[in-house]
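Residue numbers (this note's numbering): 58 to 661.
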């Protein structure tokens with residue numbers, strides 16, 4: 058029996074099973090019923106004998122039929138792997154409807170064929186397939202102001218209406234949309250000895266974007282002489298001779314008259330432009346680019362009969378809601394100007410820390426302000442730092458995760474709370490909505506260890522950095538705000554490193570300053586209670602020499618305090634133990650100095 062025609066230019070692909078054994082196969086020229094290339098699973102391949110609950114009905118029937126007609130037979134146990142799970146062996150070449158169907162047959166559960174099948178070098182099968190669906194219109198940044206020392210933006214692109222890439226060592230390209238695998242082969246051969254492994258990998262990605270991903274009608278942008286130039290791609294990629302090979306891959310472009318100073322660009326565009334690649338996908342800020350050029354492609358049809366008139370939606374800008382009387386009343390803030398100042402600090406800095414002794418309402422205030430300025434609890438995430446907290450917990454890292462289908466445990470890249478909130482805030486439709494991350498007890502962790510390269514982004518919101526684990530180019534979205542809380546009884550603010558002090562605004566919450574001063578008295582008045590607890594608390598704090606160990610009013614703002622014996626019980630079990638710790642080893646009679654009887658005696 059003759060073997061079906063293999064897809065030209067594609068290698069053998071492998072799947073290595075978790076418990077040992079491997080499957081091998083090839084892409085076929087013929088297309089299956091779902092419009093993708095068929096896949097040939099080779100005789101001798103290993104197949105997992107157990108089918109998991111997530112396996113589709115069609116794949117389950119296919120495995121059963123192959124088992125019944127002898128296409129899948131029992132594989133001998135591997136003597137080198139004691140207790141290895143039973144496997145089947147492929148008794149003849151099996152033609153599958155797609156690479157995903159073949160992967161499901163091998164694994165016993167549904168899997169993506171383009172990602173599961175790999176070459177011996179580890180390249181995914183997806184690299185050998187033509188580009189599938191993509192957005193109707195995308196946007197791209199192509200850099201050309203410094204190509205081997207030449208400013209092609211000024212010298213060539215704007216004057217001749219083109220955009221280009223260098224490709225001096227590439228052979229003549231016969232395909233109009235070459236696959237990434239073909240480009241990788243050309244780059245490996247043409248740039249051998251002329252570029253490092255990492256440079257060649259980046260060049261493959263940039264060539265694939267320029268030659269295959271870009272389309273006529275896409276928006277293209279470039280930076281030249283400190284200004285952003287925007288245009289529309291009007292031609293397919295062509296390969297041509299050029300001096301020094303600096304611009305021998307070209308596309309024609311109609312450039313929009315005029316330019317935009319870099320420092321005047323919206324922050325979200327500046328972030329994307331900071332990504333250090335020669336070709337960058339800017340589709341995420343396409344609407345912002347359209348706003349600069351007056352483009353009306355993203356329009357909505359109005360209810361104007363059959364006239365077909367369109368209107369461009371009014372741009373929604375990021376802003377924090379104003380401080381309201383309701384908020385002032387709810388928080389019992391004596392001076393409205395204090396809340397206004399906090400709002401201005403958030404607008405200007407985007408990060409602040411409430412610091413002060415315990416019981417001053419730092420976390421409560423942070424949550425209330427975040428929900429008010431963010432529009433509700435849906436836009437607020439809270440985390441609490443502790444000594445073992447790390448970058449991998451806070452942002453992203455590899456963590457053990459159990460597969461719901463196979464029950465196998467593997468280390469997978471997992472997003473932490475900051476990455477999750479940043480991704481939510483940067484989604485289309487969310488970028489004008491403030492999102493808040495509250496970090497409780499921010500001074501309990503090793504901040505340099507937790508933040509890593511994010512320290513840079515806290516100060517430079519218009520820039521991006523390459524992430525440690527995922528390798529993504531990441532920027533903190535402008536609508537992400539951070540509020541930290543810091544207990545000064547644990548660690549004085551003077552011990553916070555300079556990098557932290559520079560990146561956050563610090564706002565004190567202390568019984569000796571507004572708005573905490575007098576808060577308990579205002580609360581007691583609103584609750585129609587006797588004001589003695591407020592007088593006792595003021596007398597207590599007057600006796601405490603260290604402001605970092607003053608006692609906040611929240612200890613006495615709980616219902617249990619005002620039941621029979623509640624004030625004495627709270628004083629004995631909550632307040633005095635804190636002061637005993639403060640004076641540990643000094644031989645001071647804490648009860649005699651700070652006890653209720655002593656304070657009441659002084660007030661008579």
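For glycine and all other residues, C-beta sits at the position ideal for the given N, C-alpha and C.
Residue i to residue j span [Cα, whole Å]
| i | j | result |
| --- | --- | --- |
| residue 628 | residue 649 | 13 Å |
| residue 276 | residue 343 | 8 Å |
| residue 266 | residue 203 | 20 Å |
| residue 195 | residue 566 | 49 Å |
| residue 537 | residue 175 | 39 Å |
| residue 524 | residue 530 | 6 Å |
| residue 4 | residue 284 | Any answer about residue 4 is impossible in this case: the structure gives the chain only from 58 up to 661. |
| residue 478 | residue 492 | 8 Å |
| residue 570 | residue 584 | 22 Å |
| residue 607 | residue 578 | 17 Å |
| residue 306 | residue 325 | 29 Å |
| residue 613 | residue 624 | 8 Å |
| residue 187 | residue 271 | 13 Å |
| residue 295 | residue 308 | 7 Å |
| residue 597 | residue 633 | 11 Å |
| residue 657 | residue 593 | 7 Å |
| residue 70 | residue 522 | 34 Å |
| residue 395 | residue 402 | 11 Å |
| residue 106 | residue 520 | 51 Å |
| residue 636 | residue 544 | 15 Å |
| residue 475 | residue 209 | 39 Å |
| residue 621 | residue 405 | 48 Å |
| residue 89 | residue 532 | 41 Å |
| residue 485 | residue 378 | 21 Å |
| residue 605 | residue 599 | 13 Å |
| residue 321 | residue 393 | 33 Å |
| residue 297 | residue 231 | 13 Å |
| residue 556 | residue 595 | 35 Å |
| residue 481 | residue 586 | 44 Å |
| residue 534 | residue 65 | 45 Å |
| residue 80 | residue 235 | 28 Å |
| residue 428 | residue 602 | 36 Å |
Contacts around residue i, its chain only, beta-carbon distance under 7 Å, and the 5 residues preceding and following it disregarded
| i | result |
| --- | --- |
| residue 282 | 211 |
| residue 159 | 82, 96, 98, 153 and 170 |
| residue 243 | 227 and 228 |
| residue 68 | 176 |
| residue 576 | 389 and 610 |
| residue 299 | 305 |
N- and C-terminal bounds of the alpha helix (DSSP H) containing residue i
| i | result |
| --- | --- |
| residue 430 | 419 to 431 |
| residue 583 | 576 to 583 |
| residue 507 | 504 to 508 |
| residue 450 | 448 to 451 |
| residue 192 | Segment: none, residue 192 is in no alpha helix (DSSP H) and carries neither H nor E. |
| residue 516 | 511 to 516 |
| residue 326 | 324 to 330 |
| residue 156 | 156 to 164 |
| residue 655 | 653 to 660 |
Sequence-distant residues of the same chain with beta carbon closer than 6 Å to residue i, five excluded per side
| i | result |
| --- | --- |
| residue 200 | 335 |
| residue 387 | none |
| residue 62 | 86 |
| residue 645 | none |
| residue 100 | 147, 149 and 150 |
| residue 329 | 339 and 342 |
Bridge-paired residues (DSSP) for residue i
| i | result |
| --- | --- |
| residue 409 | 540 and 562 |
| residue 83 | 97 |
Start and end residues, beta strand (DSSP E) containing residue i
| i | result |
| --- | --- |
| residue 595 | Segment 589 to 600 is the alpha helix (DSSP H) holding residue 595; no beta strand (DSSP E) there. |
| residue 669 | This structure cannot settle anything about residue 669, because the visible part of the chain is limited to 58 through 661. |
| residue 545 | Careful: residue 545 lies outside any beta strand (DSSP E) and carries neither H nor E. |
| residue 520 | Careful: residue 520 lies outside any beta strand (DSSP E) and carries neither H nor E. |
| residue 308 | 306 to 312 |
| residue 705 | With the chain represented from 58 up to 661, any question about residue 705 goes unanswered, as that position is not in the structure. |
| residue 118 | Run containing residue 118: none in the beta strand (DSSP E); it sits in the alpha helix (DSSP H), 114 to 125. |
| residue 441 | 437 to 441 |
| residue 221 | 219 to 222 |
| residue 497 | 492 to 497 |
Beta-carbon contacts of residue i that lie in its chain and below 8 Å, excluding the five residues immediately before and after
| i | result |
| --- | --- |
| residue 542 | 410, 411, 412, 419, 420, 423, 495, 496, 497, 498 and 499 |
| residue 168 | 157, 160 and 161 |
| residue 513 | 520 and 522 |
| residue 360 | Reliability fails at residue 360, whose pLDDT of 31 lies under 50, so the model's placement of it is uncertain and the value that follows must be treated cautiously. Hits under 8 Å: none found. |
Contact the segment 491 to 509 vs the segment 281 to 296: 3+ CB pairs below 8 Å
no
Quick one: any contact between the segment 244 to 262 and the segment 311 to 326, if contact means 3 or more CB pairs under 8 Å?
no
Does the segment 406 to 416 touch the segment 436 to 444, meaning 3 or more C-beta pairs lie closer than 8 Å?
no
Cβ pair count under 8 Å reaching 3, the segment 445 to 459 against the segment 509 to 529
yes
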